[in-house]
Amino acid sequence: MQIINTITPDYRSYLSKEEMAAIEHEASIMETREAAGIEALKVVQKHRGWISDDSLYAIAQMLNMSAAELEGVATFYNLIYRQKVGRYVIHICNSISCHLSGYQQVLQAIKAHLGIDYGQTTADGMFTLLSNACLGGCDKAPVMMIGERHYEYLTPEKAVEILEKIAAGASTENYLSSFLNEGDAAADRENKPRSRDYLDDDDVAGEISEMELSDD
Amino acid sequence: MIKAPDKPLTSLVNLEQPLSIEGYIEAGGYQGAEKALHHLSRAEVLTLVEDSTLKGRGGAGFPTGMKWKCVPMYEPGDVNAPECKYLVCNADEMEPGTFKDRVLLEGVPHQLIEAMIIAAYTIGAEKAYIFLRGEYHLAARRLQQAIDEAYRSNWLGENIQGTDIHLDLYLHSSAGRYICGEETALINALEGKRANPRAKPPFPQFSGLFGKPTVVNNVETLSNLPHILKHGADWFKGLSPDSDAGTKIYAACGRVKTPGTWELPMGATIREVLYDHGGGMLDGLKLKGLLPGGASTDFLLPEHLDTPMDFASIAKAGSRLGTGGLIVLDDHNCPVSMVLNLLQFFAQESCGWCTPCRDGTPWAVEVLSRIEQGQGSLDDLDTLAKLCDFMWLGKTHCALAPGAVEPLKSALKYFHDDFEQHIEQGCCPYQGGH
Numbered sequence: 078m079q080i081i082n083t084i085t086p087d088y089r090s091y092l093s094k095e096e097m098a099a100i101e102h103e104a105s106i107m108e109t110r111e112a113a114g115i116e117a118l119k120v121v122q123k124h125r126g127w128i129s130d131d132s133l134y135a136i137a138q139m140l141n142m143s144a145a146e147l148e149g150v151a152t153f154y155n156l157i158y159r160q161k162v163g164r165y166v167i168h169i170c171n172s173i174s175c176h177l178s179g180y181q182q183v184l185q186a187i188k189a190h191l192g193i194d195y196g197q198t199t200a201d202g203m204f205t206l207l208s209n210a211c212l213g214g215c216d217k218a219p220v221m222m223i224g225e226r227h228y229e230y231l232t233p234e235k236a237v238e239i240l241e242k243i244a245a246g247a248s249t250e251n252y253l254s255s256f257l258n259e260g261d262a263a264a265d266r267e268n269k270p271r272s273r274d275y276l277d278d279d280d281v282a283g284e285i286s287e288m289e290l291s292d293d
Numbered sequence: 002m003i004k005a006p007d008k009p010l011t012s013l014v015n016l017e018q019p020l021s022i023e024g025y026i027e028a029g030g031y032q033g034a035e036k037a038l039h040h041l042s043r044a045e046v047l048t049l050v051e052d053s054t055l056k057g058r059g060g061a062g063f064p065t066g067m068k069w070k071c072v073p074m075y076e077p078g079d080v081n082a083p084e085c086k087y088l089v090c091n092a093d094e095m096e097p098g099t100f101k102d103r104v105l106l107e108g109v110p111h112q113l114i115e116a117m118i119i120a121a122y123t124i125g126a127e128k129a130y131i132f133l134r135g136e137y138h139l140a141a142r143r144l145q146q147a148i149d150e151a152y153r154s155n156w157l158g159e160n161i162q163g164t165d166i167h168l169d170l171y172l173h174s175s176a177g178r179y180i181c182g183e184e185t186a187l188i189n190a191l192e193g194k195r196a197n198p199r200a201k202p203p204f205p206q207f208s209g210l211f212g213k214p215t216v217v218n219n220v221e222t223l224s225n226l227p228h229i230l231k232h233g234a235d236w237f238k239g240l241s242p243d244s245d246a247g248t249k250i251y252a253a254c255g256r257v258k259t260p261g262t263w264e265l266p267m268g269a270t271i272r273e274v275l276y277d278h279g280g281g282m283l284d285g286l287k288l289k290g291l292l293p294g295g296a297s298t299d300f301l302l303p304e305h306l307d308t309p310m311d312f313a314s315i316a317k318a319g320s321r322l323g324t325g326g327l328i329v330l331d332d333h334n335c336p337v338s339m340v341l342n343l344l345q346f347f348a349q350e351s352c353g354w355c356t357p358c359r360d361g362t363p364w365a366v367e368v369l370s371r372i373e374q375g376q377g378s379l380d381d382l383d384t385l386a387k388l389c390d391f392m393w394l395g396k397t398h399c400a401l402a403p404g405a406v407e408p409l410k411s412a413l414k415y416f417h418d419d420f421e422q423h424i425e426q427g428c429c430p431y432q433g434g435h
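Top line first, the protein sequences correspond to chains R and B.
The opening position of the first sequence corresponds to residue 78 in the numbering used here, with each subsequent residue numbered one higher.
The opening position of the second sequence corresponds to residue 2 in the numbering used here, with each subsequent residue numbered one higher.
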C-alpha cells in the first residue's frame, strides 16, 4: 500500500461522495471488502464511462486490496472497460443464434456507417464498437445492446437508423421503462391517455418495445 | 380452491409489467413460503422436495433435494455451526441460445424471491444472493424493485412474517463472463475475484462462498419450489407423463418461424417444441440438425425429432438436455461455420486456468477457420478429433472445454461430408447462404 500511496492521492479526494457511498454499500453486504470490487468498478464506470489507472488505484485503496489484484479482476470481466470508450458502447451479439440469423450483415452495416472496427471509437467520441457473448435475445435475433437497452430483430437498415437516432439524442435507458416514460411525455404533449397506440412512429423505443411485447 | 396450474412457472409471467407484491399475493403468491415457514419443519420441506424428484434446470440435471441434503445442519447453540450459510441463485444465463431464465426474471420476479425464501429456510441460510448477468438490465431493475417490496412487506429481513426466521437477499449484477455460470467460478466472482472455477471437493455445500456452506441453484429450478410447497410432490410428478417430473421451459431459436419459449410437460418431444410451438423451419429451409440444450450440447439430427426432451432420453440419443433451448441449424447455414462460431465463443470465454482449455479452444478455432476458408487439409480433421480427446472430461479443470467438444465432436461425426467438401472444393459450399 505504501507504493500506491506515493503515486496516487487519497481515494477520498478522487472518488465522489456518491461513488464512495455506493461502493461502501456494496462492501457492507459482503463478508470482505474486496468482494465489492466488481460492483465498485461498475459504480465508477457508470459515473466516468471507463476505468482509468487513477480510478483503479483509488478503488483498490478504498477496498484495501492491491491495485494488481483489482487489475486482474478488471481485465477478466467483459463489461469493465479499461480503455477510454465512446459515449455509447455498442455491444453486438456475435453468438450462435445471431450468427444463424445473419448478424454479420448488421455488423458490416454498423462498421461502414461509423467507419470503425471492433475495439475502435468514432472520431467524435460518440460510439465504440464491441462484440458481446450471447445477449439472451435469441428468439429476437440479431440483437445488440447499447447502454441499458437491447435492440432486437435487427436488420442492417434498422441498426443504422437506431445509431442515427441515438446520435441525434434518443435515449438508451432501459427500453421498457424508457418506453413508459417516453409514453408519459408523449401523452402529456398530446394530452392523450397513455397507450402504445399513441407512440410516435419515429420513436425507436416504442418500436422495440412493441416488438418485444407482441412476441408473448 | 384455485385449480393447480398446469404451467406453474409461467402462469403469472407478465413481461410488460410484472406483478407487484400485492398482485402476486392476490394471485396466490407467497402461499408456498407461508406453508414452509409456518407449518413445516426444515426436514419436512427437504423431504417434500426430494419426493418431488425435482432436478436442476441449469444444465446438469442434478437432483435438487440431494444437493440440499449435503448441507450440514446444526442444532441451535452448536459450537461447530458456521457463522452463516449462503444460498445463491444462479441467474448468470449466458449459455448461447438460452433465454428461458430471462422470462422468469423479467416476468415474475416475486416467484423467485418466494422460492429463495423456501430454499434458504430449508438449508438454514440467512443470507442469499441473486447472481445476475450484467447484460440483463431490465431484470436487474425489476428484481431490485421486487426485493425492496418484499423487505417492506416483511417477506425478507428479520423475523419474516412473525417467525424467528431471517433472510437478507441481495442482487449482485455481474460484469459479463460465461464461466461465472459454473457454480464454483460464480462463488469466486461473488467474492470479487477472477471467476476461475475451484477444485471440487470440497463441494460448495460444505465450503462455498467465503468458505461457508453454500447452495447454488438455477432460476428455473428454484422457481418450481413455491408450487411444490403449495400443491405437493405428487402433483408435481403428475405434471409430466415422463420419468422426469414437472414442467420445463423449452425454447427454440435459429431460422424457425416463431422462435420463443414455452413451458411444457417435462419430456415433450423435440418435434413438439420445434414444430408445434416453434412453427417449424422458415419457408424454403430444411432442418439439418440442432443442439438440444444450448451451445455446449451435441448435435442431434432430424431422425431424433421424436426424442422426448428429458435428461435420460436426450442422453440416450447422444446429447444432453442442457438448458432445453433448441438451437436449430437449417440447410442454408454452414455447419462448419456454426461450429466455428461456437468454438470462438468458448475460446473467448475460457477462463485460462487450465492448459487444455486455454490452448485447445483457440487451436480448434484456428483449424476450423482454415477449413471454413477453404484452406484446410484432411489432416486438420485428425487434429480436430485429437483436440476433442485432449479437451474431454477428466482432462480439464471444469466442464467448459468438454462443453465445447460436444458440438465439435458430434459435428465431425454427423456433418463429415460438409467438412470434406470444404477441404476438397477449397471453399465454403454454403457461401451466400443468407
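Where is the CB? At the ideal position from N, CA and C, for every residue including glycine.
Residue(s) in a DSSP beta bridge with Pro64 of chain B: One-based indexing of the second sequence puts residue 64 of chain B at position 63. Residue pairing for Pro64 of chain B: DSSP places it in a beta bridge opposite B:Lys56.
Where Met222 of chain R sits in the DSSP three-state scheme: Counting from 1 along the first sequence, the entry for residue 222 of chain R is found at position 145. The three-state reading of DSSP puts Met222 of chain R in strand, counting E and B together.
7 Å Cβ shell around Ile372 of chain B - same chain, five flanking residues per side excluded: In the second sequence, counting from the first residue as 1, residue 372 of chain B sits at position 371. Listed in chain order, the non-local C-beta contacts of Ile372 of chain B below 7 Å within the same chain comprise Val337, Asp381, Phe420, His423 and Ile424, local neighbours out to five positions each way being set aside.
CB of Val120 of chain R within 7 Å of CB of Glu148 of chain R, strictly: Your numbering for residue 120 of chain R matches position 43 in the first sequence. Your numbering for residue 148 of chain R matches position 71 in the first sequence. Cβ distance not < 7 Å, so Val120 of chain R and Glu148 of chain R don't count as in contact.
Test: Asp194 of chain R CB closer than 7 Å to a CB of chain B: What you label residue 194 of chain R is simply residue 117 of the first sequence in a count that begins at 1. It does not; no Cβ of chain B falls within 7 Å.
Lys194 of chain B: contacting residues in chain R (beta-carbon distance under 7 Å): Locating residue 194 of chain B in the second sequence gives position 193, where the first residue counts as 1. Within chain R, the C-beta atoms nearer than 7 Å to that of Lys194 of chain B come from Val150, in chain order.
Residues bridged to Tyr152 of chain B (per DSSP): The residue labelled residue 152 of chain B in the question sits at position 151 within the second sequence. Partner(s): none; Tyr152 of chain B has no beta bridge.
Option nearest Gln374 of chain B by Cα separation, candidates B:Pro430, B:Glu159 and B:Lys317: Position 373 of the second sequence, counted from the start, is the residue given in the question as residue 374 of chain B. Relative to Gln374 of chain B, the option among B:Pro430, B:Glu159 and B:Lys317 whose CA is nearest is B:Pro430.
Sequence-distant residues of the same chain with beta carbon closer than 8 Å to Trp263 of chain B, five excluded per side: As a first step, residue 263 of chain B must be located in the second sequence, where it is residue number 262. Excluding positions up to five away in sequence, the list reads Ile250, Tyr251, Ala252, Val274 and His278.
Assigned exposure category for Leu394 of chain B - 16 Cβ within 10 Å defines buried: Here residue 394 of chain B refers to the residue found at position 393 when the second sequence is read from its first residue. Exposed.
Nearest-angstrom Cβ-Cβ length linking Ala92 of chain B and Phe132 of chain B, presumed shorter than 8 Å: Residue mapping note: residue 92 of chain B aligns to position 91 of the second sequence, counting from 1. Residue mapping note: residue 132 of chain B aligns to position 131 of the second sequence, counting from 1. Confirmed, Cβ separation roughly 6 Å.
Straight-line gap, Leu92 of chain R to Leu291 of chain B (C-alpha atoms, nearest Å): As a working note, residue 92 of chain R is residue 15 in the first sequence. As a working note, residue 291 of chain B is residue 290 in the second sequence. Straight-line Cα distance between these residues: approximately 50 Å.
Rounded straight-line distance, which links the Cα of Glu84 of chain B to that of Phe211 of chain B: For the purposes of this step, residue 211 of chain B is taken as residue 210 along the second sequence, with counting starting at 1. For the purposes of this step, residue 84 of chain B is taken as residue 83 along the second sequence, with counting starting at 1. One C-alpha to the other measures close to 11 Å.
Status (buried if at least 16 other CB within 10 Å, exposed otherwise) for Glu23 of chain B: To locate residue 23 of chain B, count along the second sequence from 1; it is residue 22. Glu23 of chain B comes out exposed.
Contact residues within the segment 324-342 of chain B, judged by C-beta distance below 8 Å to chain R: Residues passing the 8 Å Cβ filter: Gly326, Ile328, Val329, Leu330, Asp331, Asn334, Ser338, Met339 and Asn342.
Segments assigned alpha helix (DSSP H), at least 4 residues, entirely inside the segment 324-409 of chain B: Runs of the alpha helix (DSSP H) lying entirely within the segment 324-409 of chain B, each at least 4 residues long, are 336-350, 356-373 and 379-391 in chain order.
Any chain B beta carbon closer than 7 Å to His176 of chain R: Here residue 176 of chain R is taken as the residue at index 99 of the first sequence, counted from 1. It does: the Cβ of His176 of chain R has a partner Cβ on chain B nearer than 7 Å.
Chain B residues whose Cβ lies nearer than 7 Å to that of Tyr154 of chain R: Taking the first residue of the first sequence as 1, we reach residue 154 of chain R at position 77. Neighbours of Tyr154 of chain R on chain B, chain order: Ala176, Gly177 and Arg178.
Pro309 of chain B in three-state terms, based on DSSP: Reading the second sequence from its first residue, position 308 is the one you call residue 309 of chain B. Strand at Pro309 of chain B.
Length of the line joining the Cα atoms of Ala34 of chain B and Cys358 of chain B: On the second sequence, position 33 is the one that residue 34 of chain B refers to. On the second sequence, position 357 is the one that residue 358 of chain B refers to. Straight through space, the alpha carbons of Cys358 of chain B and Ala34 of chain B are spaced by roughly 42 Å.
Proximal residues of chain B, C-beta to C-beta of Asn209 of chain R below 9 Å: To locate residue 209 of chain R, count along the first sequence from 1; it is residue 132. Result: Glu136 and Gly177.
Cβ-based burial, Gly202 of chain R [other Cβ within 10 Å; buried from 16]: In the first sequence, counting from the first residue as 1, residue 202 of chain R sits at position 125. Around the beta carbon of Gly202 of chain R, fewer than 16 other beta carbons lie within 10 angstroms, which makes this residue exposed.
The segment 150-164 of chain B touching the segment 220-230 of chain R, judged by at least three CB pairs closer than 8 Å: Between the segment 150-164 of chain B and the segment 220-230 of chain R, the count of C-beta pairs closer than 8 Å stays below three; the two stretches do not touch.
Lys436 of chain B, buried or exposed, once every other Cβ within 10 Å from all chains shown has been counted against 16: Nothing can be reported for residue 436 of chain B, as the shown portion of chain B is limited to 2 through 435.
The alpha helix (DSSP H) enclosing Ser90 of chain R, as first and last residue numbers: Taking the first sequence and counting its residues from 1, one reaches residue 90 of chain R at position 13. Per DSSP, the unbroken alpha helix (DSSP H) holding Ser90 of chain R starts and ends at Tyr88 to Tyr91.
Neighbour list for Thr249 of chain R in chain B, Cβ cutoff strictly below 7 Å: As a working note, residue 249 of chain R is residue 172 in the first sequence. Contact annotation for Thr249 of chain R against chain B: no contact, minimum CB-CB distance about 10 Å [criterion: below 7 Å].
Length of the line joining the Cα atoms of Gly294 of chain B and Asp79 of chain B: Counting from 1 along the second sequence, the entry for residue 294 of chain B is found at position 293. Counting from 1 along the second sequence, the entry for residue 79 of chain B is found at position 78. Taking the straight line joining both Cα atoms gives about 44 Å.
Proximity below 7 Å, CB of Val89 of chain B to CB of Tyr130 of chain B: Stepping through the second sequence from its first residue, residue 89 of chain B is reached at position 88. Stepping through the second sequence from its first residue, residue 130 of chain B is reached at position 129. The answer is yes: Cβ separation under 7 Å.
Contact list for Ser172 of chain R against chain B, beta-carbon separation under 8 Å: Working through the first sequence from its first residue, we reach residue 172 of chain R at position 95. Ordered by position in chain B, the residues that pass the 8 Å Cβ test against Ser172 of chain R are Pro97, Gly98, Ala296, Asn342 and Phe346.
Every unbroken alpha helix (DSSP H) inside the segment 89-166 of chain R [4 residues or more]: With a minimum length of 4 residues, the continuous alpha helix (DSSP H) runs that stay inside the segment 89-166 of chain R are 94-105, 114-125, 130-139 and 144-151.
CB contact check: Gly126 of chain R to chain B, cutoff 7 Å: Indexing the first sequence from 1 puts residue 126 of chain R at position 49. Not one beta carbon of chain B lies nearer than 7 Å to the beta carbon of Gly126 of chain R.
Exposure label - Tyr195 of chain R; buried when at least 16 CB within 10 Å: One-based indexing of the first sequence puts residue 195 of chain R at position 118. Exposed is the call here.
Residues of the segment 105-116 of chain R whose Cβ lies closer than 9 Å to any Cβ of chain B, in chain order: Per Cβ criterion, the list reads Ile106, Met107, Glu108, Thr109, Arg110, Glu111, Ala112, Ala113, Gly114, Ile115 and Glu116.
Of the listed residues B:Leu20, B:Pro260 and B:Phe300, nearest to Met339 of chain B (C-alpha basis): For the purposes of this step, residue 339 of chain B is identified with residue 338 of the second sequence, where counting begins at 1. Checked all of B:Leu20, B:Pro260 and B:Phe300; the closest Cα to Met339 of chain B is B:Phe300.
Nearest to Glu304 of chain B (by Cα), restricted to the options B:Phe100, B:Arg272, B:Asn15 and B:Phe391: Start at 1 with the first residue of the second sequence, and residue 304 of chain B comes out as number 303. Considering only alpha carbons, the answer is B:Arg272.
Span of the beta strand (DSSP E) around Leu210 of chain B: As a first step, residue 210 of chain B must be located in the second sequence, where it is residue number 209. Unbroken run through Leu210 of chain B: none, as it is neither H nor E.
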